[in-house]
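What follows is one structure encoded as structure tokens, with my remarks underneath.
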Amino acid sequence: MTNLVWLVPLFPLVGFLINGIGWRKIPKTAGGVIGSLAILASFAVSLGIFFEVKNSGASTTVHLFNFIESGKLLIPFAFQVDALSSLFLLIITGIGFLIHVYSTSYMHEDEGMVKYFAYLNLFVFSMLLLVLGSNYLIMFIGWEGVGLCSYLLIGFWFKNRDYTNAAKKAFVMNRIGDLGFLVGMLLILFNYGTLSYNEFFGQLNGGQVQLSGNMYNWIAICLFIGAMGKSAQIPLYTWLPDAMAGPTPVSALIHAATMVTAGIYMIARSHALYNLAPAALNLVAIIGLATAILAASIAIRQYDIKKVLAYSTVSQLGFMFLALGVGAYTTAVFHVMTHAFFKALLFLGSGSVIHAMGGEQDIRKMGGLNKHMKITGATFLIGCLAIAGIPGFAGFFSKDEILASVYAHSPVMYYLALGAALMTAFYMFRLYFLTFTGSFRGTEEQHHHLHESPAAITMPLVVLAIMSVIGGYVGLPAVISEHHTLNTYLGSVVSNFNVHHLEHNTEWMLMGLSTGLVIVMIIVARVATKTPNFVENTGIAKVLENKWYVDELYDAIIIRPLAALSDALDRFVEKMGIDGIVNGIGRLVRWSSDRVRLLQTGQVGFYIFVMVIGMAVLFALRFFGLNY
Amino acid sequence: MPVQYYLFLSLALFCIGMMGAMMRRNAIIVFMCIELMLNAVNLLMVAFSKMYNDSAAQIFVFFIMVVAAAEVAVGLAIIVMMYRKVHSVDINILNRLKH
Chain A
168 MTNLVWLVPL FPLVGFLING IGWRKIPKTA GGVIGSLAIL ASFAVSLGIF FEVKNSGAST
228 TVHLFNFIES GKLLIPFAFQ VDALSSLFLL IITGIGFLIH VYSTSYMHED EGMVKYFAYL
288 NLFVFSMLLL VLGSNYLIMF IGWEGVGLCS YLLIGFWFKN RDYTNAAKKA FVMNRIGDLG
348 FLVGMLLILF NYGTLSYNEF FGQLNGGQVQ LSGNMYNWIA ICLFIGAMGK SAQIPLYTWL
408 PDAMAGPTPV SALIHAATMV TAGIYMIARS HALYNLAPAA LNLVAIIGLA TAILAASIAI
468 RQYDIKKVLA YSTVSQLGFM FLALGVGAYT TAVFHVMTHA FFKALLFLGS GSVIHAMGGE
528 QDIRKMGGLN KHMKITGATF LIGCLAIAGI PGFAGFFSKD EILASVYAHS PVMYYLALGA
588 ALMTAFYMFR LYFLTFTGSF RGTEEQHHHL HESPAAITMP LVVLAIMSVI GGYVGLPAVI
648 SEHHTLNTYL GSVVSNFNVH HLEHNTEWML MGLSTGLVIV MIIVARVATK TPNFVENTGI
708 AKVLENKWYV DELYDAIIIR PLAALSDALD RFVEKMGIDG IVNGIGRLVR WSSDRVRLLQ
768 TGQVGFYIFV MVIGMAVLFA LRFFGLNY
Chain B
672 MPVQYYLFLS LALFCIGMMG AMMRRNAIIV FMCIELMLNA VNLLMVAFSK MYNDSAAQIF
732 VFFIMVVAAA EVAVGLAIIV MMYRKVHSVD INILNRLKH
């Protein structure tokens, strides 16, 4: 089975080619079926690979062909099949498949549906390439591929200028991060002469090449900058909330299964490097923590259902980076997995709501939807419980594990992270209560239109809801069970570094503390939304509603100076400098030829005369023995 | 016959040709004068060829005659065109480039 791993990315690629080439001709339903089947086939192969890896615990490199061969440099096109990549394969293809099924119904009214499926398949293909590559270059190809696909899908409704701007923003921000990744990659290549994981990590662990301590940090930080862009961390996070411009299933795909988890995967994959780079690891933790708090605080005051979820993703990604930063790599992967379930669930649920509301996304105009959409409401509630960290749901286990690891690292960071987790509980339940309970606040027309979505939409919701409940039981906390299934599974590839185990009593206490406070926050959210009145926000709330004015800040300190600089360059260098030189030469030629022109009298006799005189002079020179 | 006679004749022809080309305004006369200069040179070459018993110069003369013939064809054509255009062969009229 492992040798067939190339089939996994092949199916989506074929799906992309069929739908992409024939998108004008293929009927909508057929396009949806082709796209979904391609991912389903990948999922089936992935399952086989997963269980094979689970049983054998082996890491295999499947060599396909040599990609770059130049002098001593050899970069093969090879796939790495091990516990880490096979787990990601399952997440990507599994959730990707559900999102495809969902899209067949959600996008059915759209004329570009087949093209949309082509993009989705390409997206999944790129992501699979990213996680399967056995060296950084293959990862980088996938890395750029998901960047491209996010651009295509965010700007899918390209007739709206705001949407295309959001797409461009995502692309440019990603490019900034990609540059960091590229520099990091070149540093590795320069110092170690290889980009293969096995060789690179082997050399790191074996210590054949000793670098100065700072070099490890620089490489790790460069790679982390790449992760910042792709996984939306401070300062490159602002593209992700804007990415809501795309169709809702795309948001689910970007936020849950693909794209944003790439950064986590990359750092978890490079853990051998980060273990040697304590400063970089600290930076990861601090950035992650700051992002978690900042994004959570913004989410509290957002009114767009998708914006709330977007900031919650940014915040949850912050948690994952925090976990990576304290060395709890497998915990971060665990949270990637559980987060993929409930965030896909929440996004698809919000899509179902938006569908029923006829395109309305403002939660101030919703309310009481539970009466009309029972399945969506119930599954959304499960998603909220999971993300808030109520015991028994998937999010609880992974988040608790992160918090415990952070506590062992530094109690101060723990309290800050706990604050972010509590904000998560608050804004998620604020969202839930405002949307699904109370009375309807929209127009009469919308009220009539309210209905439960068709089965193609609700089925994925139910599956994801089930996964959001049971997904966490692969990683039970140490106080409950000594056997941590996920850690054991991942153990052959990546294990936690420098994470101290807590006393059981401490762990119980932390768990109790966070659970108790989360329940309090839910009650607070209930009270706060009991009688919704939406007055103009003032003070800190207004700052939060406007996202801490970060976009405005970037506009002021980066975009405007840049625009002013371009303007100055245009005016002084281009117009005055370069154009001045070019036009000046032209003018000089005109002016001088105006003078020289007078020599030409136009009298043929005069010309002949000058010719004769000239010849005579030449002969005379020759005659007097002068050489000319 | 000593070679000096040829030299003086050739010099005289060349000078006539040169003065004619410089002084006259009729394009055809100027043209003929140029031909005269060419042939003066030809004469000189043949004379020296005889003097040194070397036929190389005569080969040059043939070349000059061939080129001169071609030049006549082109030159006369230009003059014909010029006459059609301005109804004159006076070279002093052809000064429009000045303006």
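So the protein sequences, as listed, match chains A and B.
Per our numbering, residue 168 is the first one in the first sequence, and the count goes up by one each step.
Per our numbering, residue 672 is the first one in the second sequence, and the count goes up by one each step.
All C-beta atoms, glycine included, are put in the ideal place defined by N, C-alpha and C.
Keep in mind the model is a prediction, meaning the values are calculated, not measured.
For T227 (chain A), the enclosing beta strand (DSSP E) starts and ends at 227 to 237. For the C-beta of V779 (chain A), the chain B residues within less than 7 Å are, from N- to C-terminus, M689, M693. Measuring C-alpha to C-alpha distances from N654 (chain A) to each of A:M626, A:I647, A:S662 identifies A:S662 as the nearest. Here S363 (chain A) carries a strand assignment [DSSP, helix/strand/coil].
Residues V298, L299 of the same chain have their beta carbon placed closer than 7 Å to that of S252 (chain A), with the five preceding and five following residues left out of the count.
V248 (chain A): member of the beta strand (DSSP E) spanning 240 to 248, first to last residue. Counting every other CB atom within 10 Å of its CB across the protein chains shown gives R738 (chain A) a total below 16, marking it as exposed. In its chain, beyond the 5 residues on either side, V175, P176, P179, S209, L256, I259, T260, G309 have a beta carbon closer than 8 Å to the beta carbon of L295 (chain A). In the three-state reduction of the DSSP assignment, G202 (chain A) falls in the helix class. The Cβ of G751 (chain A) sits no closer than 9 Å to any Cβ of chain B.
Residue state for G300 (chain A) is assigned as strand, using DSSP reduced to three classes. Within the DSSP bridge table, the entry for D529 (chain A) names A:D471 as partners. Secondary structure of D761 (chain B) (DSSP, three-state): strand.
Residue environment for V475 (chain A): buried (at least 16 other C-beta atoms within 10 angstroms of its C-beta). Sequence-distant partners of W324 (chain A) (beyond 5 residues in either direction) whose C-beta falls short of 6 Å from its own C-beta, in its chain, are Y330. DSSP lists B:D761 as the beta-bridge partner residues of N697 (chain B).
Here N341 (chain A) is buried, its C-beta having at least 16 other C-beta atoms within 10 Å.
In the three-state DSSP reduction, L320 (chain A) falls in the helix class (H, G or I). G516 (chain A): member of the alpha helix (DSSP H) spanning 496 to 523, first to last residue. Contact annotation for V763 (chain A) against chain B: no contact, minimum CB-CB distance about 13 Å [criterion: below 8 Å]. For F776 (chain A), the residues of chain B that pass the 7 Å Cβ criterion are M693, in the order they occur in the chain.
Taking the beta carbon of G772 (chain A) as reference, the chain B residues within 9 Å of it are A692, M693, M694, R695, R696, V701, I762, N763, listed in sequence order.
For H614 (chain A), the enclosing alpha helix (DSSP H) starts and ends at 611 to 616. Note on the region 696 to 733 of chain B: whole alpha helix (DSSP H) runs with a minimum of 4 residues are 698 to 723, in chain order. Shortest Cα-Cα distance from S272 (chain A) to any of A:G683, A:T625, A:A466 involves A:T625.
With 16 or more other CB atoms across the displayed protein chains lying within 10 angstroms of its CB, N302 (chain A) is buried. Note that the region 490 to 508 of chain A does not touch the region 462 to 471 of chain A; fewer than 3 beta-carbon pairs, one per stretch, sit closer than 8 Å.
Around the beta carbon of P673 (chain B), fewer than 16 other beta carbons lie within 10 angstroms, which makes this residue exposed. Non-local beta-carbon contacts of L598 (chain A) in its own chain, meaning distances under 6 Å to residues more than five positions away in sequence, involve V475 in chain order. For H650 (chain A), there is no enclosing alpha helix (DSSP H), as DSSP marks it with neither H nor E.
DSSP, read as helix, strand or coil, puts E703 (chain A) in coil. Rounded to whole angstroms, the gap between the alpha carbons of F786 (chain A) and M778 (chain A) is 12 Å. With a beta-carbon spacing of about 7 Å, L420 (chain A) and L287 (chain A) fall inside the 8 Å limit used to define contacts.
The beta carbon of R468 (chain A) sits closer than 6 Å to those of A708, L711, E712, all from its chain and outside the five residues before and after it, given in chain order.
Taking 8 Å as the upper bound for CB-CB distance, A553 (chain A) and S479 (chain A) are not in contact here, some 12 Å apart.
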